[in-house]
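Chemist: Have a look at this one before I ask anything.
Residue numbers (my numbering): 1047 to 1147.
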């Protein structure tokens, strides 16, 4: 009887330790589940002869270009810094439109 009670107490204490370790993660998990339920808004800018320096959010206005609306969007969201462009815009445009590389 005493052994069973001791084993039960050990299991209860172990369960409390496990649950107390999960508590800090619970609000984070719930918040992430709420955020990921909405699809992201992604803006793709595609143009002929446009470079990263043509948008002032990337060059802080050093090049003389001012794009205030795109700068506002960049401040509210994520600014991607790693990208790839084809030498000819035709291949990149075709790959983007068709989804085939």
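Every residue, glycine too, gets a C-beta built ideally from N, C-alpha and C.
Rank 1059, 1085, 1090, 1050 by C-alpha distance to the C-alpha of residue 1130 and give the top, closest one.
Modeler: 1090
Chemist: Tell me the start and end of each unbroken alpha helix (DSSP H) in the stretch 1074-1127 that is at least 4 residues and wholly inside, in chain order.
Modeler: 1102-1105, 1114-1122
Chemist: May I ask you to report which of helix, strand or coil DSSP gives residue 1141?
Modeler: helix
Chemist: How should residue 1111 be labelled, buried or exposed, when 16 other C-beta atoms within 10 angstroms of its C-beta is the threshold for buried?
Modeler: exposed
Chemist: If you draw a straight line from the C-alpha of residue 1142 to the C-alpha of residue 1059, how long is it?
Modeler: 57 Å
Chemist: What distance in whole Å lies between the Cβ atoms of residue 1139 and residue 1092, which are believed to be in contact at a cut-off of 8 Å?
Modeler: Residue 1139 and residue 1092 do touch by the CB rule: their CB atoms are close to 7 Å apart, below 8 Å.
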